[in-house]
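Those letters in the sequence shown? Residues 6 to 327, per the numbering used here, in order.
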Amino acid sequence: RDARMQWWREARFGMFIHWGLYSIPAGTWNGQRIPNVGEWIMNTASIPVADYKALAPKFNPTGFSAHDIVALAKSSGMKYIVITAKHHDGFAMFDSQADPFNIVAATPFHRDPLRELAEECRRQGLKLGFYYSQDQDWTAPGGAAYKTGNHQPPTFHWDKAQDGDFAAYLHTKAIPQLKELLTNYGEFPVVIWFDTPTKEMTPALAGEIVALLKEHPNLIWNNRLGGGYPGDTETPEQYIPPQGFPGRDWESCMTMNDTWGYKSYDTNFKSTETLLRNLIDIASKGGNYLLNVGPDSHGIVPPPEVERLRQMGQWLSVNGEA
Ligand code: JFZ
């Protein structure tokens, strides 16, 4: 267990990447600025499944460069990357045989950014992990949804196309896709980052996922699977715990502005000094800092984010350890 956690405990600084179809609307739908984080736009604006799925043929992020993103992370002093393989919208940012709503099958891009990132991380000596929304899935029948707006219980679905059986969703989409992620990318992923469990994730269903994870003894996974499983890491979000988490590994994930997924008009960026102070504060308490970037619909990391990462890297090259 300790050998498995060693690289992670020494890492201190990683890059979170929230990237998906939501980078196309970028916070605006039908001419309206939609509140809340950008990657939640489908839920916040109650976008019908068919309308949201119609974004896929428009997604052609030819500006994406795995080389440049990994090099950016590396020169910023980051030791690992965690990217959204599938967020709550259900769109897979990887080549999936299990479900056709994915970047290779459903877009003109036809490339698998996770494969390209895995190759570059291997080359440039960084670790790679995958975020996977195992519970919420707003485009797969039976996938769960958290409530926003006036979505009604018990399902909080806003489109009949979302109705279905949660266990069936898990067995036909989530678990098969997790198997793909765990077997198709060589030495990666070394982290699976689960998120937003609901009551639907019973101990029995979560146990099926845990059995799969245990086939990969070097894998690290967080505390957001559900079903009562504590996972390996605590995940304080947008804050730094005053005393850390004595006896537990932990990682604060944070945004640079006020969204994870790209929003064209969110310019509320923290200063480089604040970001560096966060990193120092977290490191001094024994945690890791997972700092987010949100590439746009062309696959480009917004310049204000690049600028701050470069400045952090410059500071670390003078004052840091490695
Ligand atoms: C979740 C996601 O819904 C969000 O889109 C993003 O991916 C983020 C990293 O994770 O949002 C959360 C999850 C947990 C808390 C808050 C927001 N929490 O525990 O306070």
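Note that CB positions come from ideal geometry on N, CA and C, so glycine has one too.
Computed from a predicted model, the values in this text were never measured in an experiment.
(message) For a test of your reading of the model: does the CB of D200 fall under 6 Å from any non-hydrogen atom of the ligand COA? Yes or no.
(response) Here the bound small molecules are the ligand JFZ; the ligand COA is not part of this structure.
(request) Assuming I1 and D237 form a contact by the criterion Cβ under 8 Å, report the distance between their Cβ atoms to the nearest whole angstrom. (result) Shown here, the chain extends from 6 to 327; a query on residue 1 therefore has no answer.
(request) Report whether the distance from the Cβ of E242 to the nearest heavy atom of the ligand JFZ is below 6 Å. (result) yes
(message) For the ligand JFZ, I want to know if E44 counts as a neighbour, meaning its beta carbon is within less than 6 Å of at least one of the ligand's heavy atoms.
(response) yes
(message) Once the 5 residues before and after M10 are set aside, which same chain residues still bring their CB inside 8 Å of it?
(response) I225, D237 and D254
(request) At 4 residues or longer, and completely inside the segment 81-130: list those alpha helix (DSSP H) runs for me, N to C. (result) 118-129
(message) Less than 7 Å between the C-beta atoms of N227 and W198, yes or no?
(response) yes
(request) Please classify A150: does DSSP put it in a helix, a strand, or coil? (result) coil
(request) With N293 as the anchor, note down where its beta strand (DSSP E) starts and where it stops. (result) N293 to V298
(request) Give, in chain order, every unbroken run of the beta strand (DSSP E) that is at least 3 residues long and sits entirely within the segment 238-279. (result) 254-259
(request) Please state if the CB of G43 and the CB of Y27 are separated by a distance shorter than 7 Å. (result) yes
(request) Kindly indicate which residue of A76, Y174 and T240 has the alpha-carbon position closest to the one of F250. (result) T240
(request) Pick helix, strand or coil for F193, following the three-state DSSP scheme. (result) coil
(request) Take Q129 and list the residues in its own chain whose beta-carbon comes closer than 6 Å to its own, dropping the five residues that flank it on each side. (result) V75 and K79
(request) Find out if the Cβ-Cβ distance for the pair D104, K184 is shorter than 7 Å. (result) no
(request) Give a yes or no on contact between the segment 85-104 and the segment 142-149, applying the rule of three or more CB pairs nearer than 8 Å. (result) yes
(message) Just to confirm my understanding: we take H115, look at its own chain, exclude 5 residues before and 5 after, and list those with CB closer than 6 Å. What are they?
(response) V109
(message) Among R313, G68 and K290, whose alpha-carbon lies nearest the alpha-carbon of P247?
(response) K290
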